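Colleague: Residue numbers (this note's numbering): 160 to 630. First the structure, which I've put down as structure tokens, then a few questions once you've had a look.
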Ligand SMILES: Cc1cc2nc3c(=O)[nH]c(=O)nc-3n(C[C@H](O)[C@H](O)[C@H](O)COP(=O)(O)OP(=O)(O)OC[C@H]3O[C@@H](n4cnc5c(N)ncnc54)[C@H](O)[C@@H]3O)c2cc1C
């Protein structure tokens, strides 16, 4: 049996990026599904294509780690910049999140007049810009050099950001903006929930700045679906699809990986499945114990996909913020992405729409078949009704091929019922899982380890892993 240098298990953002950076080593990617990309994949149903979860591509700009990785892969990307990154609709107000600061300020001043809006949002933007200029951002454990680089990085973070790196976001809002309306607070928190899976009450000022600033970056729409990004990343990499890893046995100097189709030997294993789903692969007691110690992050997504028969001109992304929570979710907002009219694949028959909101993973696990069906329909119908109320020109009969996904659906397809890792908060910053494990040759990557979710967060983790695996 051939001995591989690196086996990457999973073709999500983390697995695909680390594989592309190491394509010159003897490397193989094993992916359970037919579609590449996990939470950011594109799938076909009813003859149409839909994005499974992620729809925005951020970080593809000069001097950004995301672009560096795609450039190294010599990826030829077909992108359109979304001139208005997100249109937020809240209680009859329209707030466009645009890259241009002055234009955005005008919008926010109109929706939420506050004499200190400029000071607040300028600081948010400035902190985010400074953060992405950090050269040594690093977090890994379990080797002398990993700890040393991490310490260095934290020192740099502290010197550059001082109190902003640990002072509470909520107190900063109060200090600068004063007592703001519940509506303005909701606006801020709903944006944070999309990017950081948590709200201002649990974050440092710096984390809030990074979370709120993503529309100040270039936000791209990916022609033909997000799945195209993975095809480009993995074009020179050996990938075996529809092959699920079932067991990993630690031998003396290598790992034996048993899949649904075959068996492999490899010196190094990079797991792109979530950190919470790793213990089950191993029989080795110490490895099992190591993975079991991570507290499950009970965050997940409820996603609707449908085709929309419409000739209307839509933006790529909207966020609707409601006054009350959506039934069976933990959010009062939902994010809508529509395919570009000019996209020949995604908009071939009608527009392809993905709507997502936040829910708890375990909530959907404990229901009987009938309860599950009823609750799923309740959430789906509520979101569709709210969508129709906000888009008056759309008729219910224009919506076809509707389906929705809960944490159970994600589990069935990509082996994860949670989405995103534990939000990095003031309290848990030193407990974030590291890409390096205490076991030689065994690594993790993806949004449940440092640095977090989305293209920029996962890419930062990939940069660290790439140093660890090539040290
Ligand atoms: C609804 C939703 C919307 C989002 N929107 C955005 C967005 O607009 N922009 C953005 O940047 N981010 C977005 N995110 C976040 C982003 O999608 C995720 O953080 C990211 O895709 C996670 O990547 P990952 O590397 O952790 O891998 P995952 O996406 O978890 O993929 C892991 C892969 O491993 C495979 N796998 C698992 N177990 C096995 C096994 N045993 N054997 C073989 N293969 C296996 C799975 O099939 C899967 O393909 C969104 C997330 C969700 C859920």
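In this text, a Cβ means the ideal position worked out from N, Cα and C, and glycines have one as well. Model, not experiment: these values are computed from the prediction.
Based on Cα-Cα distance, which residue from 163, 204, 364 and 350 lies nearest to residue 286?
Modeller: Start at 1 with the first residue of the chain shown, and residue 286 comes out as number 127. Closest option to residue 286, Cα to Cα, is 364.
Colleague: When the Cα atoms are used, what is the spatial distance from residue 258 to residue 372?
Modeller: As a first step, residue 258 must be located in the chain shown, where it is residue number 99. As a first step, residue 372 must be located in the chain shown, where it is residue number 213. Each residue's alpha carbon lies about 9 Å from the other.
Colleague: Is residue 283 a contact residue of ligand 1, with contact defined as CB to any heavy atom under 8 Å?
Modeller: As a first step, residue 283 must be located in the chain shown, where it is residue number 124. No, the beta carbon of residue 283 sits no closer than 8 Å to any heavy atom of ligand 1.
Colleague: Under 8 Å, with one C-beta from each stretch per pair, do the segment 269 to 276 and the segment 396 to 414 reach the 3-pair mark?
Modeller: Flag = no, the segment 269 to 276 and the segment 396 to 414 do not touch.
Colleague: If residue 318 and residue 604 are in contact, beta carbons under 8 Å, what's the gap, nearest whole angstrom?
Modeller: Here residue 318 refers to the residue found at position 159 of the chain shown. Here residue 604 refers to the residue found at position 445 of the chain shown. About 28 Å; that fails the 8 Å criterion.
Colleague: By DSSP's criteria, residue 397 is part of a beta bridge. Which residues make up the other side?
Modeller: Residue numbering aside, residue 397 sits at position 238 when the chain shown is read from its first letter. Its beta-bridge partners are 187.
Colleague: Taking a contact to mean a Cβ-Cβ separation below 9 Å, would you say residue 248 touches residue 219 in this structure?
Modeller: To locate residue 248, count along the chain shown from 1; it is residue 89. To locate residue 219, count along the chain shown from 1; it is residue 60. Cβ atoms of residue 248 and residue 219: not closer than 9 Å.
Colleague: Report back the beta-carbon spacing between residue 591 and residue 380 to the nearest angstrom; my notes put them in contact at under 8 Å.
Modeller: Walking along the chain shown from the start, residue 591 turns up at place 432. Walking along the chain shown from the start, residue 380 turns up at place 221. 31 Å between Cβ atoms; not a contact.
Colleague: DSSP puts residue 536 in a beta bridge; with which residues?
Modeller: Locating residue 536 in the chain shown gives position 377, counting from the first residue. Partner(s): none; residue 536 has no beta bridge.
Colleague: Report yes if the C-beta of residue 217 is less than 8 Å from at least one heavy atom of ligand 1; otherwise report no.
Modeller: In the chain shown, the residue the question calls residue 217 occupies position 58. True, at least one ligand heavy atom lies under 8 Å from that Cβ.
Colleague: Tell me the DSSP secondary structure of residue 571 in three-state form.
Modeller: Residue 571 sits at position 412 when you count from the first residue of the chain shown. Three-state DSSP puts residue 571 in a helix.
Colleague: To the nearest angstrom, how far is the alpha carbon of residue 232 from that of residue 281?
Modeller: Counting from one through the chain shown, the residue named residue 232 turns up at place 73. Counting from one through the chain shown, the residue named residue 281 turns up at place 122. Using only the alpha carbons, I get a separation of about 35 Å.
Colleague: Checking 9 Å against the spacing of the C-beta atoms, do residue 169 and residue 421 come in under that value?
Modeller: Here residue 169 is taken as the residue at index 10 of the chain shown, counted from 1. Here residue 421 is taken as the residue at index 262 of the chain shown, counted from 1. Not in contact: residue 169 and residue 421 (Cβ atoms no closer than 9 Å).
Colleague: Is it true that the CB of residue 377 sits closer than 9 Å to the CB of residue 217?
Modeller: In the chain shown, the residue the question calls residue 217 occupies position 58. In the chain shown, the residue the question calls residue 377 occupies position 218. The answer is yes: Cβ separation under 9 Å.
Colleague: Can at least three beta-carbon pairs, one atom from the segment 205 to 215 and one from the segment 499 to 513, be found at a separation below 8 Å?
Modeller: Because the criterion of three Cβ pairs below 8 Å is met, the segment 205 to 215 and the segment 499 to 513 touch.
Colleague: List the DSSP bridge partners of residue 147.
Modeller: The structure shown does not extend to residue 147, since the chain spans only 160 to 630, so no value can be given for it.
Colleague: Could you check the C-alpha separation between residue 438 and residue 454 for me, to the nearest Å?
Modeller: Within the chain shown, residue 438 is the residue found at index 279, counting from 1. Within the chain shown, residue 454 is the residue found at index 295, counting from 1. Straight-line Cα distance between these residues: approximately 13 Å.
Colleague: According to the Cβ coordinates, are residue 113 and residue 550 closer than 9 Å?
Modeller: Residue 113 is absent from the structure shown; the chain starts at 160 and stops at 630.
Colleague: Measuring from the CB of residue 405, is there a heavy atom of ligand 1 at a distance below 8 Å?
Modeller: For the purposes of this step, residue 405 is taken as the residue at position 246 of the chain shown. Yes, the beta carbon of residue 405 sits closer than 8 Å to at least one heavy atom of ligand 1.
Colleague: Do the segment 439 to 451 and the segment 461 to 476 touch if we need at least three Cβ pairs shorter than 8 Å?
Modeller: Contact fails: fewer than three Cβ-Cβ distances are below 8 Å.
Colleague: Going by beta-carbon coordinates alone, are residue 347 and residue 369 separated by less than 9 Å?
Modeller: Residue mapping note: residue 347 aligns to position 188 of the chain shown, counting from 1. Residue mapping note: residue 369 aligns to position 210 of the chain shown, counting from 1. Contact: no.
Colleague: Just to check, is the beta-carbon of residue 322 closer than 8 Å to a non-hydrogen atom of ligand 1?
Modeller: One-based indexing of the chain shown puts residue 322 at position 163. Residue 322 Cβ: outside cutoff for every heavy atom of ligand 1.
Colleague: Between the Cα of residue 215 and the Cα atoms of 498, 602 and 568, which residue gives the shortest distance?
Modeller: The count along the chain shown starts at 1 and reaches residue 215 at position 56. For the residues 498, 602 and 568, the minimum Cα distance to residue 215 belongs to 498.
Colleague: Taking only heavy atoms of ligand 1 into account, decide whether any of them is closer than 8 Å to the Cβ of residue 369.
Modeller: As a first step, residue 369 must be located in the chain shown, where it is residue number 210. Residue 369 Cβ: outside cutoff for every heavy atom of ligand 1.
Colleague: Which residue marks the beginning of the beta strand (DSSP E) containing residue 244, and which one marks its end?
Modeller: Locating residue 244 in the chain shown gives position 85, counting from the first residue. 243 to 249 is the extent of the beta strand (DSSP E) around residue 244.
Colleague: Mark residue 324 as exposed unless 16 or more other C-beta atoms lie within 10 angstroms of its C-beta, in which case mark it buried.
Modeller: Within the chain shown, numbered from 1, the residue matching residue 324 stands at position 165. Result: buried.
Colleague: Can you tell which of 225, 496 and 569 has the C-alpha that lies nearest to the C-alpha of residue 291?
Modeller: As a working note, residue 291 is residue 132 in the chain shown. That would be 225, whose Cα lies nearest to the Cα of residue 291.
Colleague: Confirm, please, whether the CB-CB distance from residue 402 to residue 190 is below 9 Å.
Modeller: Position 31 of the chain shown, counted from the first residue, corresponds to residue 190. Position 243 of the chain shown, counted from the first residue, corresponds to residue 402. Their beta carbons are under 9 Å apart, which means residue 190 touches residue 402 by this criterion.
Colleague: Can you list, in chain order, the residues of its chain whose CB lies under 8 Å from that of residue 491, leaving out five sequence neighbours each side?
Modeller: Indexing the chain shown from 1 puts residue 491 at position 332. Around residue 491: 345, 349, 480, 481, 482, 483, 484 and 485.
Colleague: Under three-state DSSP, which class holds residue 530?
Modeller: Walking along the chain shown from the start, residue 530 turns up at place 371. Note: residue 530 maps to helix in three-state DSSP.
Colleague: Let me know the secondary structure DSSP gives residue 222 once reduced to three states.
Modeller: Reading the chain shown from its first residue, position 63 is the one you call residue 222. Of the three classes helix, strand and coil, the one that applies to residue 222 here is coil, per DSSP.
Colleague: How is residue 591 classed by DSSP in three states: helix, strand or coil?
Modeller: For the purposes of this step, residue 591 is taken as residue 432 along the chain shown, with counting starting at 1. Reduced to three states, the DSSP call for residue 591 is coil.
Colleague: What number of angstroms, rounded off, separates the C-alpha of residue 385 from the C-alpha of residue 522?
Modeller: For this step, residue 385 is matched to residue 226 along the chain shown. For this step, residue 522 is matched to residue 363 along the chain shown. The straight-line gap from Cα to Cα measures roughly 28 Å.
Colleague: Which one of 316, 383, 343 and 351 has the shortest CA to CA distance from residue 504?
Modeller: Taking the chain shown and counting its residues from 1, one reaches residue 504 at position 345. It is 383.
Colleague: Going by CA-CA distance only, name the one from 487, 353 and 418 that's closest to residue 613.
Modeller: Working through the chain shown from its first residue, we reach residue 613 at position 454. Checking every option, the nearest Cα to that of residue 613 belongs to 353.
Colleague: Taking the alpha carbon of residue 404 as the point to measure from, which residue in 487, 186, 568 and 192 has its own alpha carbon closest?
Modeller: As a position in the chain shown, residue 404 is number 245, starting the count at 1. For residue 404, the nearest C-alpha among the options comes from 192.
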